[in-house]
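What follows is a single structure, written as structure tokens, with notes after it.
Structure representation (structure tokens):
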């Protein structure tokens, strides 16, 4: 095993870099800077060094293969891996935003350190909870397994394609994102609609009562009560959805093979 050119080391960074850029938990904002992110990328690519730099290996990476198209292909593969793996986090953030919007507190948004952007209160709560479960249940190991397996499905320099089957799989992932968000938020949304209906009936009999002033605290209490009852069942739905997402990710990578 030897290195013909420094470009080989740089090229090995491309696929994990694309994954880290798209996956919210591994971005430079979440990790505290690009230096920490690059160090983690280096640690992730170490197991691939023998396969990519050994001349007798079928995955051997030659320096003359590295050009503009090679860089784009490797980055695209990494972006696809990061995009699909991030779907549960985006779904939970959307569910939290939906709950806070109906609850009437969507204006009280703060920066979510996990996603690196503004998010609602419940969105931050859900993403932080799932982030803990993601690492606790071995989600990061599954992500690395998918990354390493992608080198067998899509060897460096072999080319990639985006056909109709790949676009259909991408549409399925989009539907899964929307479905996870709605299913997670549905119990809280249902109880808030019941509270609104009850307040509407109360307002008809006691018109001097300011129901708009009472709506937000009552819905907040109702949402917290429902979440305490249904949270673990909802988390189980998201966890099972995560398993399905990694299976679909393998199919998407396989469909990209020329």
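Residue numbers (my numbering): 1 to 258.
Glycine residues also receive a C-beta, built at the ideal position from the N, C-alpha and C atoms.
Own chain, CB closer than 8 Å to residue i, minus 5 neighbours either side, in chain order
i           : result
residue 200 : 211
residue 165 : 255
residue 75  : 14, 15, 17 and 18
residue 44  : 16, 144 and 147
First and last residue of the uninterrupted alpha helix (DSSP H) at residue i
i           : result
residue 154 : Here residue 154 belongs to no alpha helix (DSSP H), and DSSP marks it neither H nor E.
residue 78  : 68–85
residue 160 : Counting along the chain, residue 160 falls outside any alpha helix (DSSP H), and DSSP gives it neither H nor E.
residue 34  : 34–45
residue 31  : 28–31
Own chain partners of residue i with C-beta closer than 7 Å, once the 5 adjacent residues on each side are dropped
i           : result
residue 257 : 153 and 154
residue 48  : 12, 148 and 151
residue 146 : 81, 246, 249 and 250
residue 158 : 258
Whole-number beta carbon distance between residue j and residue i, since they are thought to touch under 8 Å
i           : j           : result
residue 139 : residue 242 : 6 Å
residue 190 : residue 98  : With a Cβ gap of about 12 Å, residue 190 and residue 98 do not count as contacting.
residue 180 : residue 238 : 6 Å
residue 252 : residue 72  : The pair is not a contact, with the Cβ atoms about 18 Å apart (cut-off 8 Å).
residue 197 : residue 219 : About 12 Å; that fails the 8 Å criterion.
residue 226 : residue 187 : 5 Å
residue 86  : residue 131 : The Cβ separation is near 11 Å, so there is no contact.
residue 279 : residue 40  : A question about residue 279 goes unanswered here, because the residues of the chain that appear run from 1 up to 258.
Cβ neighbours of residue i in the same chain (closer than 6 Å, five flanking residues each side left out)
i           : result
residue 244 : none
residue 203 : 211
residue 89  : 24 and 127
residue 91  : 177, 180 and 181
residue 265 : The requested residue 265 is not part of the displayed model; the chain covers only 1 to 258.
* Could you tell me which uninterrupted alpha helix (DSSP H) segments, each at least 4 residues in length, are contained entirely in the region 129–212, listed from first to last along the chain? => With a minimum length of 4 residues, the unbroken runs of alpha helix (DSSP H) contained wholly in the region 129–212 fall at 139–153 and 164–205.
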